[in-house]
Every structure is written in C-alpha cells, then in structure tokens.
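Peer 1: Residue numbers (the numbering used here): 43 to 183. Structure incoming, see below.
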Amino acid sequence: MHLKVKKLREDALLPVRKRRGDAGLDLYSVEEVVLKPGEWKAVSTGIAVEIPQGYFGLVKDRSGLALKHALHCLAGVIDENYRGEIKVVLINLGDKEVRLEKHSRIAQLLIIPYLETEVEEVEELSDTERGEKGFGSSGLS
C-alpha cells in the first residue's frame with residue numbers, strides 16, 4: 043500500500059516507519075510546542091495525506107511520550123476523503139511543563155481498513171449472556 047503525502051510546509055518531515063514490523067508511522071511537529079500541566083494544543087505536522095479508499099487514519103499516542111511525559115493524543119480519526127493538514131491534539135496530563143522541539147515525533151499514524159456500515163433501526167436486539175452489563179461489570183482484575 044502507498045500513502046500519498048503532500049508537504050504543506052517546506053520544513054515538514056514525511057511520516058516514517060522506524061522499524062520493520064512497526065504498525066504506525068511516526069508524525070513530526072513543524073513547530074516547537076510547550077504544554078503546561080492540563081493544557082492541550084493542536085500541533086501542526088505541516089503535511090496532508092491521501093488515505094486509500096476503504097481505509098482511515100488513526101492518530102495515536104507514542105508510548106514513550108505517554109510514559110515519560112504524560113502526553114496523550116485527543117481525537118484522531120482521519121477520514122479517507124480529508125485533504126487538510128494533519129494536526130495532532132496533545133494534552134499534558136502530567137504535573138510538569140513539557141517542551142517538544144521542532145521535528146519531534148509527536149504521534150503515530152495507523153492506516154486501518156473499515157467496513158461500510160448501514161444503520162438499521164430495530165425494536166429489539168438479540169440476547170447475550172452479558173446483556174446490558176458494562177463499566178467494570180466483569181470485575182476489576
């Protein structure tokens with residue numbers, strides 16, 4: 043599969059898969075970012091992508107940023123028909139200010155197939171053993 047990428051800024055970096063077998067492509071910032079505790083920002087990547095038909099992009103956390111700096115991605119679905127700049131919404135869940143240099147790896151982009159879904163309104167749903175139990179109903183451990 044090929045992912046078409048357009049640089050919207052000359053200094054933008056293309057997404058990179060660091061190692062064979064990595065599921066995600068690293069996304070890079072095109073600006074320095076400072077996030078105070080509890081603050082969130084939409085961080086520019088300086089790129090747009092053309093996701094193949096039948097797929098969508100999912101922007102997810104980089105595990106190192108989550109563990110070391112408590113940075114988390116918010117939002118993150120990129121539809122196949124979207125052609126605007128990819129921005130990564132980051133929130134600082136930690137208690138210290140975080141500074142990311144320009145060209146930092148800020149998130150990873152997964153390209154995932156999806157199924158077309160038709161919605162059908164019904165009066166009843168089929169029964170299951172679980173039923174309506176949710177939110178921890180199967181235990182905490």
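In this text, a Cβ means the ideal position worked out from N, Cα and C, and glycines have one as well.
Provide the residue(s) that pair with residue 147 in DSSP beta bridges, ordered along the chain.
Peer 2: Residue numbering aside, residue 147 sits at position 105 when the sequence shown is read from its first letter. Beta-bridge pairing links residue 147 to 70.
Peer 1: So what's residue 106 in DSSP terms, helix, strand or just coil?
Peer 2: For the purposes of this step, residue 106 is taken as residue 64 along the sequence shown, with counting starting at 1. Three-state DSSP puts residue 106 in a helix.
Peer 1: Pull the bridge partners of residue 168 from the DSSP assignment, please.
Peer 2: Against the sequence shown, residue 168 aligns to sequence position 126. In DSSP, residue 168 forms no bridge with anything.
Peer 1: Locate the beta strand (DSSP E) running through residue 114, then write down its first and last residues.
Peer 2: Taking the first residue of the sequence shown as 1, we reach residue 114 at position 72. Here the beta strand (DSSP E) through residue 114 covers 113-116.
Peer 1: Which same chain residues end up closer than 7 angstroms to residue 129 when comparing Cβ atoms and leaving out the 5 residues on each side of it in sequence?
Peer 2: In the sequence shown, the residue the question calls residue 129 occupies position 87. Closer than 7 angstroms at the Cβ level, and outside the excluded window around residue 129, lie 84, 85, 86, 87.
Peer 1: Taking C-alpha atoms, which residue in 132, 92, 112, 141 lies nearest to residue 120?
Peer 2: Taking the first residue of the sequence shown as 1, we reach residue 120 at position 78. Closest by alpha carbon: 92.
Peer 1: With C-beta atoms as the reference, is residue 89 less than 7 angstroms away from residue 49?
Peer 2: As a first step, residue 89 must be located in the sequence shown, where it is residue number 47. As a first step, residue 49 must be located in the sequence shown, where it is residue number 7. Taking 7 angstroms as the Cβ cut-off, residue 89 and residue 49 qualify as a contacting pair.
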